[in-house]
């Protein structure tokens, strides 16, 4: 290329990078959860509507823009209109904030990965207490997996205001994660392009392995029927439409500038329309594909939990009544219970029997880190050969997160490379500085209260500003740059004018949808004081989490995080006006 | 004679019944879960197994107190159920019709728990002495935690990769810097090795690349006649 701009080795590398960026941890641990709580198969309807009217148009917009202007997000938006330079700066800021906390999640994945090489797995047994008379109390009250996550990994404090100390094992893992990110992004897309072949394709391999194994587990069919049975009544709840719209939006990693950066390295004559549709469809299909093994395993876990509950009850009964072993089996349990209830009611009442209900076990829905680090890890301990499954699972999560990190880092890296001040710095040095500074700032997430802060970043920095930025992106291109001009640019690249679908969505439907989603989102967040669930061993309802309200200074940080990327937009316009 | 014998036997029986009954003083309840532990290889609990149990308890008492006075007949079992669970007491042969204190029995069983378990192919969970808690074994902790070793391996690989890429980058950068410097040196000396191709010096082609096609600028003679 004449302008010396790096380029992709081939088209497949570019598509794979975009797919890897879009397909992340959310596809595995948020989409199946949303399906579960929003009436199973019925969730797919608002999901695909949102994909059609919000996801694909915005994706096409970003890819086309980056490809035409051939600059990172800051330069691209400056080219669209000098008044919109703030949008570019906002996406850059959002990229920085997301990169910071996203890599800490990978730190947790790495910690679990390096702990998966032990027999038995450290999260499968409770440690003994100090005088070795019994199991550790916190572990005994909750479960071994909960204890390992909250105590051995996070060493969490009961309150967000108690920062605690830096956890040295997490610092080591954080350093390793940032070193891996540096290793892969050291020369920009030259190196990520090679790494993406592994990090983007390996998760599919592991998902297939888990799919085959998961379907062979007992109880898998219960989990799957529970997940996919459509409950069309759920469509009446406006929450399902909001969740579908936000899920599509965040799942495609829009408005963080990574996609603009990726497409800016494309040759000018590239069919960005087809690319956008391909990436969006692959992302959605991956979500669906991932939910099958996830729910097979969850069904297996629920069934095992149900059987354990039954077995414990049976043992208590035969101990109390001195019945021979194997006289009561799971199959004739209910018959025996009714017989004993009628013959020895007081004795049965003396035996503290728990009600075992399979539905109750299936209803325990968790998303996010809880799904991966508590539920799934417990299910893995129940499988034979758990070390291998744990290693596979955490490697897959790491690859999923890493390929998304590439996009985040490119969103930070590419605009910086184009600034005059960094034109002469070698790429290796610039990426090293970015990774080092990010590592130092992210150290605050390795504090004992770090996981509370990650939740704050995820809820406030990684959600609201992106909606605002995306809204201004669409408005900026549709009304400031003008759709006619943009359509001509796209025609120059793809060879055909964007048809009515694109015109309608870019001009009217997508901005309207974004506005509605934004308003609904803000209303939901603000109608009650922001609260969080704290892990407090001294809480009377332990092991349930304690609902606490954020103190005012934390709320102000939340507001700051949400406002910081957004404030660049008016600032940029003002700055240019004054100039 | 027969009457005296019958009387002593009945007295003994009554005495035994008095000594060994559920919740009696110094009596312990034992519960076995043979089918859970051994599955298909489970043995049936019969009088022979009971005899072995009495022998193991007597052995434990002998070993603990190191006076060889406890006999198998001193161990009394009662209230056998289908669960397999029963109560037992250890009588003191020196003092008639009394039982050995529970603390002594407990200590003796604790000391020899492993031997008793192995005799029945069971463990602490499947051969339960309900009033005797077992001391939990300490977890096996290797000197260096395993995760630290794995972490070291991973970190070494990453650092090696980074060093390799940086060194490669520096080398490429140096090569790029060396090439224009070499070209400048040669031009200064004036001894340019002119490579000639098809009668035309390559330099001419280089300088006029994209503007004038040096080949076409040459004589028509260069072209082979049709």
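Protein chains in written order, with the working numbering: chain A, 46 to 624; chain B, 34 to 259. Where is the CB? At the ideal position from N, CA and C, for every residue including glycine.
Residue range 576-579 is occupied by the beta strand (DSSP E) that includes residue 578(A). Around the Cβ of residue 533(A), a 10 Å sphere holds fewer than 16 other Cβ atoms; the residue is exposed. Between residue 110(A) and residue 522(A), the CB-CB gap stays under 8 Å. With the criterion set as a beta carbon lying under 9 Å from some beta carbon of chain A, the members of the segment 71-99 of chain B are 75, in sequence order. Within the same chain, Cβ atoms closer than 8 Å to the Cβ of residue 110(B) are found at 53, 83, 86, 87, 119, 120, 121, the five residues on either side in sequence being excluded.
Selection 127(A), 96(A), 229(A) evaluated against residue 619(A) yields 127(A) as nearest (Cα-Cα). Taking a Cβ-Cβ cut-off of 9 Å, the neighbours of residue 64(B) in chain A comprise 364, 367, given in sequence order. Below the 8 Å Cβ cutoff, chain B contributes no neighbours of residue 50(A), its closest Cβ being approximately 17 Å away.
Taking 9 Å as the upper bound on Cβ-Cβ separation, chain B lies near residues 471, 472, 473, 477 of the segment 463-496 of chain A. About 5 Å separates the beta carbon of residue 505(A) from that of residue 603(A), a gap short enough to meet the 8 Å contact definition. Within its own chain, the residues whose Cβ lies closer than 6 Å to the Cβ of residue 535(A), once the five positions on either side in sequence are excluded, are 109, 543, listed in chain order. Put simply, the segment 443-460 of chain A does not touch the segment 205-219 of chain A. Fewer than three CB pairs are less than 8 Å apart. For residue 593(A), the uninterrupted beta strand (DSSP E) segment begins and ends at 591-594. Taking a beta-carbon distance threshold of 8 Å, residue 541(A) does not count as an interface residue toward chain B. Measuring C-alpha to C-alpha distances from residue 389(A) to each of 370(A), 371(A), 362(A), 415(A) identifies 362(A) as the nearest.
Take residue 142(A), set aside five residues on each side of it, and the residues of its chain with a beta-carbon closer than 6 Å to its own are 506, in chain order. Each of 335(A), 399(A), 385(A) was checked against the Cα of residue 350(A), and the nearest Cα belongs to 399(A). Nearest C-alpha to residue 294(A) among 513(A), 617(A), 524(A): 513(A). Under the Cβ criterion of 8 Å, residue 122(B) is not counted among the residues facing chain A.
If you draw a straight line from the Cα of residue 344(A) to the Cα of residue 264(A), it comes to about 5 Å. Under the three-pair Cβ rule at 8 Å, the segment 47-66 of chain A counts as touching the segment 229-238 of chain A. Looking from the CA of residue 114(A), the closest CA among 352(A), 622(A), 383(A), 310(A) belongs to 310(A). Between residue 72(B) and residue 58(A), the alpha-carbon positions lie close to 56 Å from each other. Ranked by how close their Cα comes to the Cα of residue 312(A), the residues 116(A), 545(A), 601(A) have 116(A) in first place. Distance between residue 162(B) and residue 156(B), taken at the CA atoms: about 11 Å. Under the three-pair Cβ rule at 8 Å, the segment 182-193 of chain A does not count as touching the segment 470-489 of chain A.
Residues of the segment 188-215 of chain B whose Cβ lies closer than 8 Å to any Cβ of chain A, in chain order: 188, 191, 192, 194, 195, 198, 199, 202, 206. Residue pairing from DSSP places residue 161(B) in a beta bridge opposite 64(B).
DSSP places residue 119(B) within a strand segment (E or B) once states are collapsed to three. Taken in chain order, the complete alpha helix (DSSP H) segments of 4 or more residues contained in the segment 126-162 of chain A are 130-159. Look at residue 492(A) here: in three-state DSSP terms it is strand.
For residue 118(B), the residues of chain A that pass the 9 Å Cβ criterion are 364, 367, in the order they occur in the chain. As computed with DSSP, residue 90(B) is found in no beta bridge at all. One thing to note: residue 491(A) has its Cβ no nearer than 8 Å to the Cβ of residue 97(A). For residue 211(A), no beta strand (DSSP E) encloses it, and the DSSP letter there is neither H nor E. Residue 525(A) and residue 551(A) have their C-alpha atoms some 12 Å from each other.
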